[in-house]
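Numbering (the working numbering), first residue to last: 5 to 118. Heads up: the structure comes next, in structure tokens.
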Amino acid sequence: MGATKQGDSNMANIIYILYLVGLAVGITELVGVILAYINRKDAEGWMETHYTFQIRTFWIGLLMVIVGVILSFVIVGFALLVFYYVWLIMRCVKGMQYLNNQQPHPNPDTWMFN
5 MGATKQGDSN MANIIYILYL VGLAVGITEL VGVILAYINR KDAEGWMETH
55 YTFQIRTFWI GLLMVIVGVI LSFVIVGFAL LVFYYVWLIM RCVKGMQYLN
105 NQQPHPNPDT WMFN
């Protein structure tokens, strides 16, 4: 059972890393969300919170990027895109902290960091 916990933890960590790499290579975020969907169905309760958090991170982030690109024609979008980069980094770092402490994410449905 310990190996399963470690394996789940490693996969969730890989997904957080894929999201961070996605800031430079966008396709890795898509790979990350697919992995999160695949792994969430068989995850233990505390790990499921991380996969839910990661899935929500992808979809909320995608919404921010789309709105940011549309609004970039009126300059405001650039600020939203900068916010997206900071937001994604903060969510991944906070998620990895909980994961490394083997704690569930306390609020996986949040739009912000915690």
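Even glycine gets a Cβ: it sits at the ideal position worked out from N, Cα and C. Nothing here was measured: the structure is a model prediction, and the numbers come from that model.
query                                                                                       : result
Mind checking whether Gln58 and Ala47 have CB atoms under 8 Å apart?                        : no
Check this for me: beta carbons of Tyr102 and Gly65, under 8 Å apart or not?                : no
The alpha helix (DSSP H) spanning Glu52 covers which residue range?                         : 49 to 75
If you run the structure through DSSP and keep just helix, strand and coil, what is Asn104? : helix
Helix, strand or coil for Ala28? Go by DSSP, reduced to three states.                       : coil
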